[in-house]
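Counting in our numbering, the sequence shown runs from 168 upward without gaps.
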Amino acid sequence: MCSLKAFFTVASALGFLAAAPIRAETEDSTLQLPDTLIRLHMEDARFALPRESFEHWIRRSAHVVSHYYGKFPVAQMYIALIPVSGKGVKNGKAFAIDDATINVRVGTGADHQDLLDDWIMVHEMIHFALPRVPRRHHWIEEGLAVYVESVARSNAGDLAPKFVWAGFLKGMPHGLPANGDSGLDNTPTWGRTYWGGALFCLLADIEIRKRTDNRKSLRDGLQAIVHQGFSMLDEKPVEELFAIADAGTGTAVLTELYEHHRDTAHDVDLDGLWQSLGVQAAGTAVEFDTSAPLRHISESITARDPGF
Ligand SMILES: [Zn+2]
C-alpha cells in the first residue's frame, strides 16, 4: 500500500528540502478550484506525462482534502513539481514561510498509475490544515498527515478499507515506545514522530467515537480548527489546538490523551486493539470480524462517504 511504501520514502525524505522552498518567478498555470487557487510551476518538457495529467492529480488530491475538512484549509497555494530521474512520486514538503507552498519531487518517467497510487500530494496538503506548533510537538504534525491521508482517501473511495487497515497493522507498531523512550514530546525518532503520532490520532478517533455513540470523530475536531480559519500559516500552542478540536467533538479526548502521552512512554496493546476493532491479519492482508465489539467504529473510520 502507499503508506507501506511511505515508511521508507518518508524516512528518506526527512532531510529533503530542509532549506527554503523552490519557487519560480511566475507560475506556469493556475488551477481554480471551488475553495482554493493553485498556482503550479513545472517544466513540462522534462516529464513523460503531459501537464494535464499532473493537473488532474493535483485537483483530485485537493478535492480529497477539501472534502475531509469541509473546505480547503488555505485560500491559495503554490506548487512546484521538481523533476528527478526515474519513475514515481518521490517525496515532498509543505512550507508556510510567506504563503502555502508545496515542493514535490517527481520522477520524469512517472506514469498514470504512479499518480493514482500517490499519497504524497494529499499528505503535504493535509499539513496546511494544522497551525505550526513548537518543534517538540512535530509528532502531531506528521502523525496527523499520515493518519488523515489514509482515512481521507478511503472516505473519498480512492483506497479500499482493507488496504488502509493492512497499512495500519503494519505501520502502527513503529509508533510504540522503544526501551528508554520518553513521551511523544521528548522522543523525536522517526517511528515515534510519524507512527507514534498516527497511533495517537487513531486512539483519539476511536475514543471520540466511543464517547459520542459514533456520532462524532477526529474529523469533527480537525474541521473545527479549519473552520475557525486557522491553517499552517498560523502558529499556535498545541494545547490550544487540542482544546479547539475537543470543543468540536464535545469531548476532552485530545486534551486527555495528550496529557497521558506527552511526557511518559505508555505502551498500547495493539493486538487487543485490532481484536476489538475486528481487524484481523491474514498474511499481509486483513479480514474483518463483524462480531467484534468495535467493528462499527473501524467500519465507520474507513467508510466511503455517500456524498463523495
Ligand atoms: Zn509530512
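Glycine included, each C-beta is placed from N, C-alpha and C at the ideal position.
Proximity to ligand 1 was defined by a C-beta distance below 6 Å to any of its heavy atoms, and the residues meeting it, in sequence along the chain, are HIS290, HIS294, GLU309 and ALA312. Check the Cα spacing between THR469 and each of ALA319, PHE262 and PRO188: the tightest is with ALA319.
Membership of ALA229 in any beta strand (DSSP E) is not indicated; the residue belongs instead to the alpha helix (DSSP H) covering 218 to 236. A Cβ-Cβ distance of about 6 Å is found for the pair ARG471 and ASN322, placing them in contact under the 8 Å criterion. For a cut-off of 8 Å, the C-beta gap from ALA432 to PRO344 is around 4 Å, short enough to register as a contact. For PRO250, the uninterrupted beta strand (DSSP E) run begins and ends at 243 to 251, by DSSP. Here the alpha carbon of ARG429 sits roughly 19 Å from the alpha carbon of VAL313. The region 200 to 220 and the region 362 to 376 do not touch, with fewer than three beta-carbon pairs separated by less than 8 Å.
Restricting attention to GLY364, ASP265 and THR275, the CA atom closest to the CA of LYS254 is found in THR275.
Between LEU204 and ALA242, the gap from beta carbon to beta carbon is short of 8 Å.
One thing to note: TRP224 has its Cβ within 8 Å of the Cβ of MET288. Remark: three or more beta-carbon pairs, one from each stretch, lie closer than 8 Å, so the region 374 to 385 and the region 420 to 427 are flagged as touching.
LEU366: member of the alpha helix (DSSP H) spanning 364 to 378, first to last residue. ASP211 counts as exposed, since fewer than 16 other beta carbons sit within 10 angstroms of its beta carbon.
In the structure shown, the three-state DSSP call for ALA261 is strand.
Minimum Cα-Cα distance from ALA263 among the listed residues SER443, LEU248, MET399 and PRO301 corresponds to MET399. By the Cβ rule, the region 399 to 409 counts as touching the region 291 to 310, because three or more pairs are nearer than 8 Å.
For GLY274, the uninterrupted beta strand (DSSP E) segment begins and ends at 267 to 274. Between GLY347 and TRP362, the CB-CB gap reaches or exceeds 8 Å. Judged by DSSP secondary structure, GLN447 falls within the beta strand (DSSP E) whose first and last residues are 446 to 449. The region 383 to 462 contains, as complete beta strand (DSSP E) runs of 3+ residues, the segments 446 to 449 and 452 to 455 (chain order). Within 10 angstroms of the beta-carbon of PRO301 lie fewer than 16 other beta-carbons, which makes it exposed.
In the structure shown, THR203 falls within a strand segment according to DSSP collapsed to helix, strand and coil.
With 16 or more other Cβ atoms from the protein chains shown falling within 10 Å of its own Cβ, ASP285 counts as buried. VAL331 is a Cβ neighbour of SER317, given a cutoff of 8 Å.
By the neighbour-count criterion, in which 16 or more other beta carbons inside 10 Å mark a residue as buried, ALA267 falls on the buried side. Using a 10 angstroms sphere on the CB of PRO240, the tally of other CB atoms reaches 16 or more, which defines it as buried.
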